[in-house]
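Every letter in the sequence shown is one number past the one before it in our numbering, and letter 118, counting from 1, is 334.
Glycine included, C-beta positions come from ideal geometry on N, C-alpha and C.
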Amino acid sequence: MALFEIRGLVKRFGANVVLEGLDLDLHAGERITLIGASGSGKSVLLKLLIGLYPPDGGRIVFDGEDVTNLPERGWIAVRRRIGMLFQWDALFDSLTVGDNVAYALREQRVLDEAAIAARVAESLAQVSLPGIEAMWPADLSGGMRKRVGLARAIATRPEVVLYDEPTEGLDPINVTRVDRLLESLRRVHGVTTIVATQNMRSAFAASDRLALLHGGVVAKVGTPDELRAWDDPRVAPFVRSSQLRAKTRPSIPG
Ligand SMILES: Nc1ncnc2c1ncn2[C@@H]1O[C@H](COP(=O)(O)OP(=O)(O)O)[C@@H](O)[C@H]1O
Ligand SMILES: [Mg+2]
C-alpha cells in the first residue's frame, strides 16, 4: 500500500485548471521528486497533500485514511506526521529564529519547554546553524532563512517531509549542504521525501523516482534511468539540464 494514494486529483483557480485528474502513488521511505515547468502545479500539489487547499475533485488517501475532505481539525492530526518546507520561506518575522523553529512543537503540546529548547537546538545544528536561536529572521541571509525553514520543517520529527524548491536561490555550498541533509534524513531516519525542484542535477542524482507534471497530470513517472531512456520531448529538456555541469533551469519548448 502506498503512503499517499492520489487519484483523479483536480484543482482549479477560477478558469485556470492546474490539476486535471492527477494520479500518483508515493511510497513510504522513498525520495520522489516532482519536476515540471514553472507553473505546472508542483507547489499546488504539495499544498493539497497537507490540506492547505481543498481539491475540486479526486481523492487523496494518506496511510489508508481518505483525507480528501477532512475538516480542519482532522488535518491537524495528519500534519503532525508531515513536515513542509515552503517555496517562499514562511518565517514569522516577529518571532526569533528559536521561536520560529519551536512553533509547531508548541502547537502540538507534546514536549515541555526544556525538551522544546533541546529539540530546537538539535534541529538548528542539523542544518549547520547551531546556536542562532536568539537571532531575528530579518538579520539572516536568504540561504540561512531557507535552512531555518528546513529546521522548522523537521523539528517535529515528521515521517514525511514535503520540500518545495529546497535549494532555490542557494549558493553551491548550501545546495550541497541541503542535498546532504535531505539524504541523511531519508537514509538515517527513514523520512519519506517528496521534493519539488528545478535543480535537475540533484533531482536525477538523488531521487528514487521522478514524476513529471505536464498538462495537469503526471505525464511520466519512473526512476532517473527510466526517464533518461524515454524518448519523449516533454522529458528531454529536463534530462539535458541534469547533464549540464552548471546548475541551470531546463528550457521548455513551446
Ligand atoms: N493561490 C492561488 N490562487 C490562484 N492561482 C494559483 C494559486 N496558487 C497557484 N496558482 C496557479 O496555479 C498554477 C500552478 O502554480 P504552482 O503550483 O505554483 O506551479 P509550480 O510550483 O509548478 O511552478 C499557476 O498557474 C499559478 O498561477
Ligand atoms: Mg512552485
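* Asked: Using the C-alpha atoms, what's the distance from Asp241 back to Val433?
  -> Across the structure, Val433 and Asp241 are spaced so that their CA atoms are roughly 13 Å apart.
* To do: Measuring from each Cβ to the nearest heavy atom of ligand 1, keep the ones under 5 Å and list them in chain order.
  => With the cut-off at 5 Å, the residues found are Phe229, Val234, Ser254, Gly255, Ser256, Gly257, Lys258, Ser259, Val260.
* Within 8 Å, strictly: CB atoms of Ile266 and Ile222 -> Cβ distance not < 8 Å, so Ile266 and Ile222 don't count as in contact.
* Asked: Within the present structure, is the beta-carbon of Ala320 separated from the nearest heavy atom of ligand 2 by less than 7 Å?
  -> Between ligand 2 and Ala320, a heavy atom-to-CB distance of less than 7 Å is absent.
* **Start-end ranges of the beta strand (DSSP E) lying completely within the stretch 285 to 322, minimum 3 residues** => Complete beta strand (DSSP E) runs here, min 3: 298 to 301.
* Asked: Taking the Cβ atom as the reference point for each residue, do Ala367 and Val317 lie within a distance shorter than 8 Å?
  -> Yes, the pair counts as a contact, with Cβ atoms nearer than the cut-off.
* Asked: Alpha carbon to alpha carbon, what distance is there between Gln342 and Val313?
  -> Approximately 14 Å, taken between the alpha carbons.
* Asked: Run through DSSP, which three-state label would Glu338 get?
  -> Helix, per DSSP.
* Asked: How many Å lie between Glu281 and Trp291 at the Cα?
  -> Using only the alpha carbons, I get a separation of about 11 Å.
* Got a sec, what are the start and stop residues for the alpha helix (DSSP H) Asp441 sits in? -> Where Asp441 is concerned, the enclosing alpha helix (DSSP H) stretches over 440 to 445.
* Asked: Taking C-alpha atoms, which residue in Leu428, Ser400, Pro440, Arg403 lies nearest to Arg417?
  -> Ranking the options by Cα distance to Arg417, first place goes to Pro440.
* Can you tell me whether Asp387 is buried or exposed, with buried defined as 16 or more other CB within 10 angstroms of its CB? -> In this structure Asp387 is exposed. Its beta-carbon is surrounded by fewer than 16 other beta-carbon atoms within 10 angstroms.
* Bridge-paired residues (DSSP) for Ala427 -> DSSP lists Leu250, Val437 as partners of Ala427.
* Mark Ile389 as exposed unless 16 or more other C-beta atoms lie within 10 angstroms of its C-beta, in which case mark it buried. => The residue in question, Ile389, is exposed, as its Cβ has fewer than 16 Cβ neighbours within 10 Å.
* Asked: Start and end of the beta strand (DSSP E) containing Asp395?
  -> For Asp395, no beta strand (DSSP E) encloses it; the enclosing alpha helix (DSSP H) starts and ends at 388 to 405.
* Which residues in the same chain have their Cβ closer than 6 Å to the Cβ of Val411, if we skip the five residues on either side of it in sequence? -> If we look at Val411 and ignore the five residues flanking it on each side, its Cβ neighbours are Thr249, Tyr379.
* Reduced DSSP category for Asp448 - H, G, I as helix; E, B as strand; rest coil -> Three-state result, Asp448: coil.
* Asked: With respect to the beta strand (DSSP E) encompassing Arg275, which residues constitute its N-terminal and C-terminal limits?
  -> Bounds of the beta strand (DSSP E) holding Arg275 are 273 to 278.
* Asked: Quick one: what's got a C-beta closer than 7 Å to Arg335's C-beta in the same chain, skipping five residues either side?
  -> Only residues of its own chain outside the window of five on either side were considered, and among them Leu321, Leu327, Ala371 have a CB closer than 7 Å to the CB of Arg335, listed in chain order.
* Sequence-distant residues of the same chain with beta carbon closer than 7 Å to His430, five excluded per side -> Closer than 7 Å at the Cβ level, and outside the excluded window around His430, lie Gly252, Ser256, Arg450.
* Going by Cα to Cα distance, which pick from Ala244, Leu225, Gly347, Gly237 is closest to Ala218? -> With distances taken between CA atoms, Ala218 lies nearest to Ala244 out of Ala244, Leu225, Gly347, Gly237.
* Asked: What number of angstroms, rounded off, separates the C-alpha of Leu235 from the C-alpha of Val226?
  -> Here the alpha carbon of Leu235 sits roughly 5 Å from the alpha carbon of Val226.
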